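Asks: I'd like to ask you about the structure that follows.
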Amino acid sequence: MKIALGADHGGYELKKRLEDFLPGLGHEVVNMGVDGPAPADYPDYAKKVALAVAKGKASRGIVVCGSGVGASVVANKIPGIRAGLCHDTYSARQCVEHDDVNVLCLGGRVVGPDLAFEIVKAWLASTFSKTQRHQRRLDKILAIEKEFLSSP
Ligand code: RB5
């Protein structure tokens, strides 16, 4: 799978670790920066990752900032993106199975690399459950998006 990966300075160290980790799982990293530890604004990088997914340049995206919160706020502004902040493997699995989350947000100051690897593995191994109730809820999300947002 092609994974768009981005971070600000708060997520830079974990992003570097993920850049090494993801190819080992058979995934291709589409690098959206940052590529150094200098202060950077998370909206710029979360937007890049979200647009790469929304425009089909990557199948899924991962954004790392200090807490993961800012990254999720930004990514969810992009039509077609369902971003989830997950710091446990249960949420990482369920957010794909139930909510079809296509961008994972992580806090580089919250989780260490080993837990982040487990979260990413669980998230990437999961697929959307097409059971009727999940599809109905997803359709409602898409309808809300259509009502309030324009296309990217
Ligand atoms: C940067 O200091 C920090 O505010 C940012 O990485 C992120 O945590 C925002 O949610």
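Here the working numbering is used: the first residue of the sequence shown is 67, the next is one more, and so on. The C-beta atom is built at its ideal place from N, Cα and C for all residues, glycine as well. Predicted, not measured: the structure shown is a model, and the values here were computed from it.
Would you please state the rounded distance, in angstroms, between the beta carbons of lysine 113 and isoleucine 144? I believe it to be under 8 Å.
Replies: Right, the Cβ-Cβ distance comes to about 7 Å (below 8 Å), so this counts as a contact.
Asks: Below 7 Å, is the gap between the Cβ of aspartate 111 and the nearest heavy atom of ligand 1?
Replies: Note on residue identity: the sequence assigns tyrosine, not aspartate, to residue 111. Not under cutoff, so the answer is no.
Asks: Kindly examine ligand 1 and report whether one of its heavy atoms sits closer than 7 Å to the Cβ of cysteine 131.
Replies: Yes, ligand 1 has a heavy atom inside 7 Å of this Cβ.
Asks: Below 6 Å CB to CB, which residues in the same chain sit around serine 138 once its five sequence neighbours on both sides are set aside?
Replies: Counting only Cβ-Cβ distances below 6 Å, and skipping sequence neighbours, we find Ala149, Leu151, Cys171.
Asks: Please state whether DSSP places arginine 148 in a helix, a strand or coil.
Replies: Of the three classes helix, strand and coil, the one that applies to arginine 148 here is coil, per DSSP.
Asks: Considering only the alpha carbon of each residue, which of Cys131, Phe87, Gly92 lies closest to glycine 99?
Replies: Ranking Cys131, Phe87, Gly92 by Cα distance to glycine 99 puts Cys131 first.
Asks: Would you say valine 135 touches ligand 1, meaning its beta carbon is less than 7 Å from a heavy atom?
Replies: Valine 135 Cβ: within cutoff of ligand 1.
Asks: For the putative contact between isoleucine 128 and valine 186, defined by C-beta atoms under 8 Å, what is the C-beta separation to the nearest angstrom?
Replies: So it is a contact: roughly 7 Å between Cβ atoms.
Asks: Could you check whether the Cβ of glycine 90 sits closer than 7 Å to any heavy atom belonging to ligand 1?
Replies: No; taking the cut-off as 7 Å, the Cβ of glycine 90 has no heavy atom of ligand 1 nearer than that.
Asks: Hey, would you say the C-beta of glycine 72 is under 7 Å away from at least one heavy atom of ligand 1?
Replies: No, the beta carbon of glycine 72 sits no closer than 7 Å to any heavy atom of ligand 1.
Asks: Entirely within the region 70-134 and at least 3 residues each: give me those beta strand (DSSP E) ranges in chain order.
Replies: Qualifying beta strand (DSSP E) stretches, in chain order: 94-97, 126-131.
Asks: Does at least one heavy atom of ligand 1 sit under 7 Å from the Cβ of tyrosine 108?
Replies: Within the cutoff, so yes.
Asks: Check each candidate in Gly76, Ala116, Val135, Val115 and name the one with the smallest Cα separation from alanine 104.
Replies: Among Gly76, Ala116, Val135, Val115, the Cα nearest to that of alanine 104 belongs to Gly76.
Asks: I need the straight-line Cα distance from tyrosine 108 to glutamate 94, nearest angstrom please.
Replies: Each residue's alpha carbon lies about 22 Å from the other.
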